[in-house]
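The next block holds one structure in the form of structure tokens; read it before the comments.
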Amino acid sequence: MDVRPTRFDHPDAVLLNDLVQREYDERYEDGGDATVVLPEMFVPPQGLYLLVYDEDGRPVATGGWRTQRQNEEGYADGDAELKRMYVIPEARGRGLARRLLKLLEEDARAAGRTRMVLETGDQQPEAIALYSSTGYLPAAVKFGHYREYDASRCFVKPLV
Numbered sequence: 001m002d003v004r005p006t007r008f009d010h011p012d013a014v015l016l017n018d019l020v021q022r023e024y025d026e027r028y029e030d031g032g033d034a035t036v037v038l039p040e041m042f043v044p045p046q047g048l049y050l051l052v053y054d055e056d057g058r059p060v061a062t063g064g065w066r067t068q069r070q071n072e073e074g075y076a077d078g079d080a081e082l083k084r085m086y087v088i089p090e091a092r093g094r095g096l097a098r099r100l101l102k103l104l105e106e107d108a109r110a111a112g113r114t115r116m117v118l119e120t121g122d123q124q125p126e127a128i129a130l131y132s133s134t135g136y137l138p139a140a141v142k143f144g145h146y147r148e149y150d151a152s153r154c155f156v157k158p159l160v
């Protein structure tokens, strides 16, 4: 697995972000994720954005975390929020998302974050299965941009 820390506005990151947004729109018919995500949110030590490349140098997977603090969207101090986890369809089933998730958790823990949080949706059963199988539990109280939507599913995992 060729994993590279990358800026969120790098052309390969933009390409994969466009693909995941298209997939969100297909699944939810809502134009994609409207959560504000800016490149500076993933600059270490406040976050990290990773791209995975295949043996041909093609970007095939992505994911990042960003610092969250207690705010009106329901986050808590110490939170690291997982964002833009995505594997292109041709590269799925190889364990890339699982390995990428582990790297992001390790980095967030090293940066002093105490809890990884994420928001997904009920039309993403693969994501829910991944997170459930890696120690994430449904959040007692939903958080994030879509917290008031019935389709929203929020998960948490202690990092300490």
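Throughout the sequence shown, residue numbering follows UniProt numbering, covering 1 to 160 in sequence.
Glycine included, each C-beta is placed from N, C-alpha and C at the ideal position.
Computed from a prediction, not measured in an experiment: that's the story for all the values here.
Secondary structure note for A111: it is in no alpha helix (DSSP H), with a DSSP letter that is neither H nor E. Nearest Cα to V141 within the set D150, S133, G135: D150. Counting along the chain, P5 sits inside the beta strand (DSSP E) bounded by residues 2-5. With distances taken between CA atoms, P11 lies nearest to L50 out of E105, L50, T120. The C-alpha of N17 is placed about 23 Å away from the C-alpha of D79. Within the same chain, V60 come within 6 Å of D54 by CB-CB distance, once the 5 residues on both sides are set aside.
Per the DSSP secondary-structure output, R66 pairs in a beta bridge with G47, E81. In this structure, V156 lies away from A129, with their beta-carbon atoms at least 7 Å apart. R58 and T67 have their C-alpha atoms spaced approximately 28 Å apart.
Annotation: L103 to L159 spans about 12 Å, alpha carbon to alpha carbon.
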